[in-house]
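A.B. asks: Pasting a structure here, questions to come.
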Amino acid sequence: MTKLSLQTLELHSPAKLNLFLHIIGRRSDGYHLLQSVFQLIDWCDTVTLKLIPQNEVRRIDPIPELAPEQDLVVRAANLLKDFCHTQTGVEISLQKNIPMGAGLGGGSSDAATTLIGLNALWDLKLDKQTLSMLGLKLGADVPFFIFGKNAFVEGVGEQIQEVALETQDFLVIFPNQGIATTSIFQDPELTRDHAPITIDGFLASPKFKQSNDCQAVALRICPEVKQALDWISQAVPGSEPRMSGSGSSVFAVLDPKTDSAKLQNLLQTLPKGWVGRIVRGLNKNPAYNLISSE
37 MTKLSLQTLE LHSPAKLNLF LHIIGRRSDG YHLLQSVFQL IDWCDTVTLK
87 LIPQNEVRRI DPIPELAPEQ DLVVRAANLL KDFCHTQTGV EISLQKNIPM
137 GAGLGGGSSD AATTLIGLNA LWDLKLDKQT LSMLGLKLGA DVPFFIFGKN
187 AFVEGVGEQI QEVALETQDF LVIFPNQGIA TTSIFQDPEL TRDHAPITID
237 GFLASPKFKQ SNDCQAVALR ICPEVKQALD WISQAVPGSE PRMSGSGSSV
287 FAVLDPKTDS AKLQNLLQTL PKGWVGRIVR GLNKNPAYNL ISSE
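Each residue of the sequence shown is one higher than the one before, counting from 37 in the working numbering.
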């Protein structure tokens, strides 16, 4: 959903799932080389951008535990403002629905949405390649959300190829315990030599047999991940749940015959503080109409 006026832009900013995540190597600078398929889902934050006459980036109702220099929507706005030397200011508000530190890409999506929205609102006319270059400075997942479609992602997140995925429903559980990405990728026991695959290889593999190389480390350092995996396995027998990204959210592909009403009732029994949702895969970022030109 997009609401556009001359002064204000409201955009829905979607989460993603890593349908698999393989670590196939490591660069000399320490960055890990990954392969993954990113699936957009209809679990969204809402970013609202409003032009103001003052030459500043103003954040409305900031997240209390997040310092301004760590707030990705503020960083994105300042990055774009400095890059284009625009003198127009913006007031940013963010309705946060995607859990933080969950491996769902919420912060990266919000940053991408801010870049996309301000590119339109400030009439900067930057192309997708330039926005992606700026986005990579903010985080490895940001270029994917700017790309705007489900994708096979490689490298450190900058190599992106569209992949056609069937529309599916997923059960996603966040066990109210985030995992720092650095704690996963610095772990000496992390698998770093997974054999590379191709898009065709992924599409030809059994739907429920994908893997996440970060999961074994996460299970060791965050017991809640195992608890969430066990919860899904009991609630949806045969679903073979797995973790998204570097965690701690876990998910399962739902069979079309799943009794959604029964599952919704089961979600009411989640441990206190946990968040669970039945979500649907998206084919495009809701802001794609603003970024569709190459």
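Here a beta-carbon is modelled for each residue, glycine too, at the ideal position from N, C-alpha and C.
How close, in whole Å, do the beta carbons of Gln197 and Ile235 come, if the pair is a contact with beta carbons under 8 angstroms?
C.D. replies: So it is a contact: roughly 6 angstroms between Cβ atoms.
A.B. asks: What are the start and end residues of the alpha helix (DSSP H) that includes Ile233?
C.D. replies: From DSSP, Ile233 is part of no alpha helix (DSSP H); its letter is neither H nor E.
A.B. asks: In this structure, does DSSP put Glu127 in helix, strand or coil?
C.D. replies: Look at Glu127 here: in three-state DSSP terms it is strand.
A.B. asks: Would you mind giving the Cβ-Cβ distance between Leu207 and Ile268, rounded to the nearest angstrom? I have them listed as a contact below 8 angstroms.
C.D. replies: Contact check for Leu207 and Ile268: beta-carbon distance about 6 angstroms, within the 8 angstroms limit, so the pair qualifies.
A.B. asks: My output table needs one value for Gly142: the three-state DSSP class, helix, strand or coil.
C.D. replies: helix
A.B. asks: Which word fits Gly309, buried or exposed, when buried means at least 16 other C-beta atoms lie within 10 angstroms of its C-beta?
C.D. replies: Classification for Gly309: exposed.
A.B. asks: Can you tell me whether Glu225 is buried or exposed? The criterion is at least 16 other CB atoms within 10 Å of its CB, across all chains shown.
C.D. replies: exposed
A.B. asks: Looking at C-alpha atoms only, which residue of Lys185, Asp291, Cys120, Leu157 is the closest neighbour of Thr166?
C.D. replies: Cys120
A.B. asks: Mapping DSSP to helix, strand and coil, what is Gly317?
C.D. replies: strand
A.B. asks: Check for me: the alpha helix (DSSP H) holding Asn301 runs from which residue to which?
C.D. replies: 296-303
A.B. asks: Let me know the secondary structure DSSP gives Lys117 once reduced to three states.
C.D. replies: helix
A.B. asks: Could you tell me which whole alpha helix (DSSP H) segments of length 4 or greater appear in the region 131-216?
C.D. replies: Listed in chain order, they are 142-157, 164-172, 178-183.
A.B. asks: Looking at Leu255 and Leu157, is the spacing between their C-beta atoms short of 8 angstroms?
C.D. replies: No. Outside cutoff.
A.B. asks: Could you spell out where the beta strand (DSSP E) holding Val286 opens and where it closes?
C.D. replies: 286-290
A.B. asks: For Leu239, count neighbouring Cβ atoms within 10 angstroms of its own Cβ and tell me buried if that reaches 16, exposed if not.
C.D. replies: exposed
A.B. asks: At the level of alpha carbons, what is the spacing between Val32 and Asp266?
C.D. replies: Since the displayed the chain opens at 37 and closes at 330, residue 32 lies outside it and no answer follows.
A.B. asks: Pull up the CB-CB distance for Val126 and Leu154, whole angstroms please, since I reckon it's below 8 angstroms.
C.D. replies: Val126 to Leu154, Cβ: 6 angstroms. Contact.
A.B. asks: Touch check for the region 168-182 and the region 141-152: three-plus C-beta pairs under 8 angstroms?
C.D. replies: Proximity of the region 168-182 to the region 141-152 meets the contact definition, three or more beta-carbon pairs being nearer than 8 angstroms.
A.B. asks: Does Gly137 come within less than 8 angstroms of chain D when only Cβ atoms are used?
C.D. replies: Among the chains of the structure shown, chain D does not appear; only one protein chain is present.
A.B. asks: How would you call Arg278, buried or exposed, if buried means at least 16 neighbouring beta carbons within 10 angstroms?
C.D. replies: buried
A.B. asks: Measure the alpha-carbon distance for Gln43 versus Gly214 and round it to whole angstroms.
C.D. replies: 36 angstroms
A.B. asks: Tell me the DSSP secondary structure of Glu330 in three-state form.
C.D. replies: Annotation note: pLDDT 49 at Glu330 (below 50); position unreliable, coordinate value reported separately. It is coil, neither helix nor strand.
A.B. asks: Mind checking Arg316: buried by the 16 CB within 10 Å criterion, or exposed?
C.D. replies: exposed
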